[in-house]
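Q:
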Amino acid sequence: MRLRSYGLCCVLLFLSSLSFPQTFSEHDTTSGLGAVQVIRADFNNDSIPDFATPNQRSNTASVFLMNADGTFLSRQDFTTGQHPTGIVVGDFNHDHKTDLATSNADADDSHSISLLIGNGDGTFQAPKFFYGGTKPVNIGIGDFNKDGNLDVVTGWLLITNPNDPTAKQTNEILVTYGNGGNGFSSQLSISDVGDTESPGAQDRRMRKLTVGDFNGDRRPDLAFIEGVGLEPNPTGDIFVLLNLGNNFTQKKVSDLPEPNDISIGDVNQDGLDDILVARFGCPDECGDSAVRPAVDLFQSKGDGTFSKETVMSFFGDEFLDRLHDPAAADLNDDGLKDIAVFSHISGSGEAEVRFALQLTDGGFFLVSPKLLVTNLTGGQTEASGLLADINRDGRVDMLISSGNGEIASLINTMPTRGCIAQDQPRTVQICLPGNSPASSPVQILANTRDTLPIEAMKVYVDGVSKFFTKDDLLSGRINMPVGTHLFEVKAWDRKGAFGQAISFTVGSGCIVSGIDRTVKICTPANGATVASPVHIEGTFGTSFAVNAAQIYVDGVLKISAGSTQRVDTSLPMSAGKHRITLKGWDNAGQFSQTINIIVQ
Numbered sequence: 000m001r002l003r004s005y006g007l008c009c010v011l012l013f014l015s016s017l018s019f020p021q022t023f024s025e026h027d028t029t030s031g032l033g034a035v036q037v038i039r040a041d042f043n044n045d046s047i048p049d050f051a052t053p054n055q056r057s058n059t060a061s062v063f064l065m066n067a068d069g070t071f072l073s074r075q076d077f078t079t080g081q082h083p084t085g086i087v088v089g090d091f092n093h094d095h096k097t098d099l100a101t102s103n104a105d106a107d108d109s110h111s112i113s114l115l116i117g118n119g120d121g122t123f124q125a126p127k128f129f130y131g132g133t134k135p136v137n138i139g140i141g142d143f144n145k146d147g148n149l150d151v152v153t154g155w156l157l158i159t160n161p162n163d164p165t166a167k168q169t170n171e172i173l174v175t176y177g178n179g180g181n182g183f184s185s186q187l188s189i190s191d192v193g194d195t196e197s198p199g200a201q202d203r204r205m206r207k208l209t210v211g212d213f214n215g216d217r218r219p220d221l222a223f224i225e226g227v228g229l230e231p232n233p234t235g236d237i238f239v240l241l242n243l244g245n246n247f248t249q250k251k252v253s254d255l256p257e258p259n260d261i262s263i264g265d266v267n268q269d270g271l272d273d274i275l276v277a278r279f280g281c282p283d284e285c286g287d288s289a290v291r292p293a294v295d296l297f298q299s300k301g302d303g304t305f306s307k308e309t310v311m312s313f314f315g316d317e318f319l320d321r322l323h324d325p326a327a328a329d330l331n332d333d334g335l336k337d338i339a340v341f342s343h344i345s346g347s348g349e350a351e352v353r354f355a356l357q358l359t360d361g362g363f364f365l366v367s368p369k370l371l372v373t374n375l376t377g378g379q380t381e382a383s384g385l386l387a388d389i390n391r392d393g394r395v396d397m398l399i400s401s402g403n404g405e406i407a408s409l410i411n412t413m414p415t416r417g418c419i420a421q422d423q424p425r426t427v428q429i430c431l432p433g434n435s436p437a438s439s440p441v442q443i444l445a446n447t448r449d450t451l452p453i454e455a456m457k458v459y460v461d462g463v464s465k466f467f468t469k470d471d472l473l474s475g476r477i478n479m480p481v482g483t484h485l486f487e488v489k490a491w492d493r494k495g496a497f498g499q500a501i502s503f504t505v506g507s508g509c510i511v512s513g514i515d516r517t518v519k520i521c522t523p524a525n526g527a528t529v530a531s532p533v534h535i536e537g538t539f540g541t542s543f544a545v546n547a548a549q550i551y552v553d554g555v556l557k558i559s560a561g562s563t564q565r566v567d568t569s570l571p572m573s574a575g576k577h578r579i580t581l582k583g584w585d586n587a588g589q590f591s592q593t594i595n596i597i598v599q
């Protein structure tokens with residue numbers, strides 16, 4: 000086992016205020032060959048997060064038990080089907096012990112799902128095999144029929160003629176319902192999903208599927224990506240299948256160039272799952288030179304539709320193969336979720352992580368320094384990773400697999416307050432807000448300790464639910480009025496709810512004035528002398544919905560946003576006197592406020 004320390008240096012100067020994580024301590028060990036994914040769970044019921052990988056070249060799942068400090072305690076490999084393509088964790092038989100299930104690209108279709116029942120000590124029983132389609136691309140998990148039992152879903156490509164690339168090749172999805180014991184009871188087949196191509200055109204092939212709740216009905220939905228290959232032009236798309244209870248309805252989200260990987264996360268923390276898609280880029284080979292490796296964010300609108308934003312885009316042949324495992328978490332401790340993506344870099348094959356920090360206006364900024372993990376070398380399988388609080392200190396860490404039999408935990412050593420979880424299982428620790436008066440928006444930070452997976456966390460203010468997340472480390476912001484409040488954080492696992500409550504006071508903040516059709520610019524103050532970039536924060540008070548919001552500097556439009564009750568952003572300005580105007584539009588027309596400032 001090796002221990003090394005890496006730094007992220009040379010961050011652009013104006014990003015220093017964002018407190019980006021600067022150092023990680025790296026702990027390395029070996030894994031099975033061909034690891035294609037890393038997942039997290041507590042496999043031995045000691046309240047310390049553990050990890051597992053499905054290994055395509057060794058036909059195993061590696062289970063890593065961890066120490067409390069984020070170092071590796073032990074590794075043990077368990078047989079799966081041949082060529083496992085994905086892995087999920089959950090308690091399938093209700094014994095409060097974590098089980099494993101893998102999808103397998105096995106020559107025998109009856110072995111395309113393997114279920115490994117956990118013993119509760121980090122070991123697993125011999126796999127039970129089930130039909131999950133023909134060489135499924137991966138596997139997802141959820142209680143799709145809401146009977147209290149965990150189910151799995153697989154997707155695959157049904158090739159009718161392997162010798163004819165233009166022959167019809169349909170995408171199939173199979174939902175396999177758990178029986179609450181050590182197996183499954185029935186299946187729902189969803190045939191011919193995705194785009195239908197014109198005669199003679201090559202069909203788009205399913206790359207990967209995932210599970211999330213995209214309309215807030217607490218029923219797990221499906222999302223998948225498909226593509227045709229990089230030549231001559233990259234083509235692909237993304238679809239969602241909304242869960243109707245006993246069936247699914249398909250909606251196309253967007254076309255996009257050759258998607259490679261898809262994941263789920265509530266990036267804007269509104270209680271709805273958003274979609275992150277990593278896609279190929281081939282500026283030298285493909286006909287469209289504008290196509291580059293990128294990560295796209297599709298934010299859910301709550302009705303099965305999404306708004307798209309590209310959060311990362313890269314020029315040139317920087318990456319050895321493709322971007323993998325886009326993930327969202329609060330990396331810099333500001334209450335906003337940031338985005339990371341994993342890859343190998345061209346040439347050396349070192350594992351690489353790229354970051355985009357979320358700004359207060361909802362936009363993202365690509366951090367120029369990349370994190371290189373030189374101890375992990377590239378192999379036949381791509382790099383994969385995840386973001387998690389591995390040592391439960393309230394800071395986001397990383398686990399990275401090279402796919403070449405090497406894996407590393409990177410423990411965040413940023414010198415911030417963090418939020419250390421309590422020692423006892425089924426506890427919540429509230430670290431923010433603290434005892435001193437807070438200002439609105441109030442930053443919240445709470446950590447959990449549990450032997451079972453956290454299924455949800457909620458924040459209640461004065462008994463009213465204000466914030467929802469599926470994370471087990473809660474970091475966010477809530478607008479609250481001035482005054483003393485009862486603040487409670489509850490977490491849920493399969494046994495039920497547990498939590499902590501405190502009282503705290505909001506002493507100031509950017510609060511709506513209460514006068515109808517008014518704009519209140521809270522920051523900067525009128526006549527203030529400030530530095531660039533200028534922090535601008537304001538609210539709109541109207542009995543109608545705010546249809547649009549705009550910020551003008553010296554009469555020039557700088558930012559135009561959609562429906563919002565509050566703006567919070569920063570703008571670079573030259574030295575001298577400036578006029579800032581915040582305008583809002585509702586059904587009755589326009590209303591605004593203007594202030595004057597001096598920029599040093």
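The sequence shown begins at 0 in numbering that gives the first Met the number 0 and counts up one residue at a time. All residues carry an ideal CB built from backbone N, CA and C; glycine is no exception.
1) Could you tell me the distance, in whole angstroms, from the CA atom of T468 to the CA atom of D269?
2) Would you decide whether H93 is buried or exposed? Buried here means 16 or more other CB atoms lie within 10 Å of its CB.
3) Could you give the DSSP three-state label for D76: helix, strand or coil?
4) Relative to the ligand HEM, is the shortest distance from any of its heavy atoms to the C-beta of I237 smaller than 7 Å?
5) Do you know how far the Cα of D27 is from the Cα of I597?
6) Look up I520 in the DSSP assignment and give the residues it is bridged to.
7) Could you compute how far the alpha carbon of P20 sits from the alpha carbon of A328?
8) Would you say L451 and I520 are within 8 Å of each other, going by their C-beta atoms?
9) Would the segment 108 to 115 and the segment 210 to 217 be scored as touching if the rule is three or more Cβ pairs under 8 Å?
10) Cα-Cα, which of Q421, S569, R565 and K145 is closest to R476?
11) So R394 and D422 are in contact, right, with Cβ under 8 Å, and what is the actual spacing, rounded?
12) Indicate whether G226 and R206 have their beta-carbon atoms separated by less than 8 Å.
13) Hey, G303 and K250 are a contact pair by Cβ (cut 8 Å); roughly how many whole angstroms apart?
14) Report all residues from its chain with a CB closer than 8 Å to the CB of E454; omit the five preceding and five following residues, and keep chain order.
15) Thinking I429 and I501 are a contact (beta carbons under 8 Å), I'd like their distance in whole angstroms, please.
16) Suppose only complete runs of 4+ residues qualify. What are the alpha helix (DSSP H) ranges in the segment 413 to 439, listed by chain order?
17) For S591, collect the residues of the same chain with a Cβ closer than 8 Å to its Cβ; drop the 5 residues on either side in sequence, then sort them by chain order.
18) Look at the Cβ atom of D260, then the Cβ atom of D236, and state whether they are nearer than 8 Å.
19) If you drop the 5 nearest sequence neighbours on each side, which residues of the same chain put their C-beta closer than 6 Å to that of G346?
20) Considering only the alpha carbon of each residue, which of P292, T84, F63 and G177 lies closest to F91?
21) Do T52 and S30 have their CB atoms nearer than 8 Å?
22) Using the Cβ count rule (16 or more neighbours within 10 Å means buried), how would you classify T195?
23) CB I406 to CB I399, shorter than 8 Å?
24) Could you give the distance in angstroms between the alpha-carbon of T175 and the alpha-carbon of G433?
25) Which residues bound the beta strand (DSSP E) around P53?
26) Excluding five sequence neighbours on each side, which residues of the same chain lie with their C-beta closer than 8 Å to the C-beta of I140?
27) Keeping to the same chain, check which residues put their C-beta closer than 8 Å to that of S15; ignore five residues upstream and five downstream.
28) When the Cα atoms are used, what is the spatial distance from S61 to P571?
29) Below 6 Å CB to CB, which residues in the same chain sit around M456 once its five sequence neighbours on both sides are set aside?
30) Note down the Cα distance separating N331 from Q186, rounded to an integer number of angstroms.
31) Is the CB-CB distance between P436 and V505 below 8 Å?
32) Could you give the residue range of the beta strand (DSSP E) that holds G95?
33) Express the C-alpha separation of E487 and F497 in angstroms, rounding to a whole number.
34) Going by the CB atoms, is the gap between T133 and N103 shorter than 8 Å?
35) Measuring alpha carbon to alpha carbon, tell me which of G264, D324 and R291 ends up nearest K336.
36) Do you know how far the Cα of G244 is from the Cα of P219?
A: To lay it out plainly:
1) Mapped onto the sequence shown, residue 468 falls at position 469. Mapped onto the sequence shown, residue 269 falls at position 270. Rounded to whole angstroms, T468 and D269 show a C-alpha spacing of 8 Å.
2) Sequence index remark: in the sequence shown, residue 93 carries index 94 (1-based). With fewer than 16 Cβ atoms within 10 Å of its Cβ, H93 is classed as exposed.
3) Walking along the sequence shown from the start, residue 76 turns up at place 77. In this structure, D76 counts as strand in the three-state DSSP scheme.
4) Within the structure as shown, the ligand HEM is missing, as the structure has no ligands at all.
5) If you number the sequence shown from 1, residue 597 lands on position 598. If you number the sequence shown from 1, residue 27 lands on position 28. Distance from the CA of I597 to the CA of D27, rounded to the nearest whole angstrom, comes to 52 Å.
6) Here residue 520 refers to the residue found at position 521 when the sequence shown is read from its first residue. According to DSSP, which records beta bridges pairwise, I520 is partnered with G537.
7) Walking along the sequence shown from the start, residue 20 turns up at place 21. Walking along the sequence shown from the start, residue 328 turns up at place 329. For P20, the pLDDT reaches just 44, beneath the cut-off of 50, and the residue's location in the model is therefore unreliable, although a value from the coordinates is still provided. C-alpha separation (whole angstroms): 12 Å.
8) Numbered from 1 along the sequence shown, position 452 holds the residue referred to as residue 451. Numbered from 1 along the sequence shown, position 521 holds the residue referred to as residue 520. Against a cut-off of 8 Å, the Cβ pair of I520 and L451 comes out as no contact.
9) Output reads no: the segment 210 to 217 does not touch the segment 108 to 115.
10) Position 477 of the sequence shown, counted from the first residue, corresponds to residue 476. For the residues Q421, S569, R565 and K145, the minimum Cα distance to R476 belongs to R565.
11) Taking the first residue of the sequence shown as 1, we reach residue 394 at position 395. Taking the first residue of the sequence shown as 1, we reach residue 422 at position 423. Contact between R394 and D422 does not hold, since their C-beta atoms are separated by about 18 Å, which reaches or exceeds 8 Å.
12) Taking the first residue of the sequence shown as position 1, residue 226 is located at position 227. Taking the first residue of the sequence shown as position 1, residue 206 is located at position 207. A contact, by the Cβ cut-off of 8 Å.
13) By 1-based counting over the sequence shown, the position of residue 303 is 304. By 1-based counting over the sequence shown, the position of residue 250 is 251. Sure, about 5 Å apart at Cβ, within 8 Å.
14) The sequence position of residue 454 within the sequence shown is 455, counting from 1. Counting only Cβ-Cβ distances below 8 Å, and skipping sequence neighbours, we find K469, W491, D492 and R493.
15) Numbered from its first residue, the sequence shown carries residue 429 at position 430. Numbered from its first residue, the sequence shown carries residue 501 at position 502. Going by Cβ atoms, the distance from I429 to I501 rounds to 6 Å, so yes, they are a contact pair.
16) No alpha helix (DSSP H) of 4 residues or more sits fully in the segment 413 to 439.
17) Position 592 of the sequence shown, counting from 1, holds the residue named residue 591. The beta carbon of S591 lies closer than 8 Å to those of V518, T580, L581, K582 and G583 in the same chain, with the five residues before and after it left out.
18) In the sequence shown, the residue the question calls residue 260 occupies position 261. In the sequence shown, the residue the question calls residue 236 occupies position 237. No, these two residues do not count as a Cβ contact at 8 Å.
19) Here residue 346 corresponds to residue number 347 of the sequence shown, with the count starting at 1. Confidence at G346 is low in this model, with a pLDDT of 48, below 50, so the placement of that residue should be treated as unreliable; the coordinate-derived value is given next. Cβ within range, chain order: n/a, list empty.
20) Against the sequence shown, residue 91 aligns to sequence position 92. Check the Cα spacing between F91 and each of P292, T84, F63 and G177: the tightest is with G177.
21) As a working mapping, residue 52 is identified with position 53 in the sequence shown. As a working mapping, residue 30 is identified with position 31 in the sequence shown. The answer is yes: Cβ separation under 8 Å.
22) Numbered from 1 along the sequence shown, position 196 holds the residue referred to as residue 195. By the neighbour-count rule (16 or more Cβ atoms within 10 Å), T195 is not buried but exposed.
23) Within the sequence shown, residue 406 is the residue found at index 407, counting from 1. Within the sequence shown, residue 399 is the residue found at index 400, counting from 1. For I406 and I399, yes; Cβs fall inside 8 Å.
24) Stepping through the sequence shown from its first residue, residue 175 is reached at position 176. Stepping through the sequence shown from its first residue, residue 433 is reached at position 434. Going from the Cα of T175 to the Cα of G433 covers about 46 Å.
25) Indexing the sequence shown from 1 puts residue 53 at position 54. P53 -> beta strand (DSSP E) spans D49 to N54.
26) In the sequence shown, counting from the first residue as 1, residue 140 sits at position 141. Closer than 8 Å at the Cβ level, and outside the excluded window around I140, lie V87, V88, G89, A100, L149, D150, V151, V152 and V210.
27) Indexing the sequence shown from 1 puts residue 15 at position 16. Model confidence at S15 stands at a pLDDT of 32, short of 50, so the residue's coordinates are unreliable; what they give is reported in the following sentence. In the same chain as S15, and ignoring 5 residues on each side of it, no C-beta atom comes closer than 8 Å to its own.
28) The sequence position of residue 61 within the sequence shown is 62, counting from 1. The sequence position of residue 571 within the sequence shown is 572, counting from 1. Their Cα atoms are separated by approximately 50 Å.
29) On the sequence shown, position 457 is the one that residue 456 refers to. Same-chain partners within the cutoff: T468, L473 and A490.
30) The count along the sequence shown starts at 1 and reaches residue 331 at position 332. The count along the sequence shown starts at 1 and reaches residue 186 at position 187. Taking C-alpha positions only, N331 is separated from Q186 by approximately 43 Å.
31) As a position in the sequence shown, residue 436 is number 437, starting the count at 1. As a position in the sequence shown, residue 505 is number 506, starting the count at 1. Yes, these two residues count as a Cβ contact at 8 Å.
32) As a working note, residue 95 is residue 96 in the sequence shown. In the sequence on display, residue 95 carries His and not Gly. Segment: none, H95 is in no beta strand (DSSP E) and carries neither H nor E.
33) To locate residue 497, count along the sequence shown from 1; it is residue 498. To locate residue 487, count along the sequence shown from 1; it is residue 488. Straight-line measurement puts the Cα of E487 at about 10 Å from the Cα of F497.
34) Along the sequence shown, read from residue 1 onward, the residue named residue 103 stands at position 104. Along the sequence shown, read from residue 1 onward, the residue named residue 133 stands at position 134. Taking 8 Å as the Cβ cut-off, N103 and T133 do not qualify as a contacting pair.
35) The residue you call residue 336 lines up with position 337 of the sequence shown. Of the candidates G264, D324 and R291, the one whose C-alpha sits nearest the C-alpha of K336 is G264.
36) Along the sequence shown, read from residue 1 onward, the residue named residue 219 stands at position 220. Along the sequence shown, read from residue 1 onward, the residue named residue 244 stands at position 245. Looking at the two C-alpha atoms, the distance is approximately 9 Å.
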